[in-house]
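One gets the numbering used here by counting positions in the sequence shown from 1 and adding 157 to each.
One structure below.
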Amino acid sequence: MAKEYLCKACRGVLNGKTSIVLAAQNMKTAKRGLVYLNPELGDYTTTTHPTFSIEEGEEYLYTCPICHSRLNSGKYDHLVRIIMVDDNKKEFDIYFSDIAGEKCTFKISGSKLEVQGPDANRYNKYFDLPEEDRKYL
Ligand SMILES: [Zn+2]
């Protein structure tokens with residue numbers, strides 16, 4: 158079984174074969190659309206329909222397309238959280254930035270943290286783990 162991504166609220170599966178589908182709303186312009194994210198962690202390519210373009214540097218509100226719950230973290234400003242279930246049914250919290258163009262991913266399970274992306278330093282402060290417990294990919 159391949160990796161699955163779940164909504165943190167309803168645990169509905171957010172991905173199809175090739176992408177994770179989230180509803181997004183530009184916080185400034187209120188324009189809404191669907192965003193297709195690459196399910197490969199560390200690949201920050203996103204796809205949208207031509208009528209909804211993602212503007213670099215702008216902040217987006219992400220919601221679950223199934224239950225419409227807000228996926229932006231209430232705890233960590235500017236981060237969005239979804240759940241990943243891997244091939245071994247192990248669960249991880251996945252955080253990524255709600256600012257378009259920022260490349261960072263945090264993969265967390267218990268006290269284990271994996272950090273990815275050049276913009277991760279901006280948010281490292283949220284995850285107060287000793288340096289030796291961090292695994293940089
Ligand atoms: Zn949901």
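Where is the CB? At the ideal position from N, CA and C, for every residue including glycine.
Remark: the shortest separation between the CB of Ala166 and any heavy atom of ligand 1 falls under 7 Å. With fewer than 16 other Cβ atoms inside 10 Å of its own Cβ, Lys247 counts as exposed. In the DSSP assignment, no residue is bridged to Phe209.
Taken atom to atom, the span from the alpha-carbon of Ile177 to that of Tyr252 is near 14 Å. Three or more beta-carbon pairs separated by less than 8 Å are not found between the region 271 to 286 and the region 214 to 228, which leaves the two stretches without contact. Within its own chain, the residues whose Cβ lies closer than 7 Å to the Cβ of Val192, once the five positions on either side in sequence are excluded, are Leu179, Ala181, Thr203, Thr205, Ile211, listed in chain order.
Judged by beta-carbon spacing, Leu163 lies beyond the 8 Å limit of Val237, meaning their Cβ atoms are not closer than that value.
Per DSSP, reduced to three states, the secondary structure at Arg168 is coil, with no helix or strand assignment. Judged by the Cβ position, Ser230 fails to qualify as a neighbour of ligand 1 at the 7 Å threshold, every heavy atom of the ligand being at least this far. In the three-state reduction of the DSSP assignment, Ala180 falls in the strand class, which pools E and B. Just measuring C-alpha positions, the residue of Ile239, Asn183, Glu197, Ala277 sitting nearest Ala159 is Glu197.
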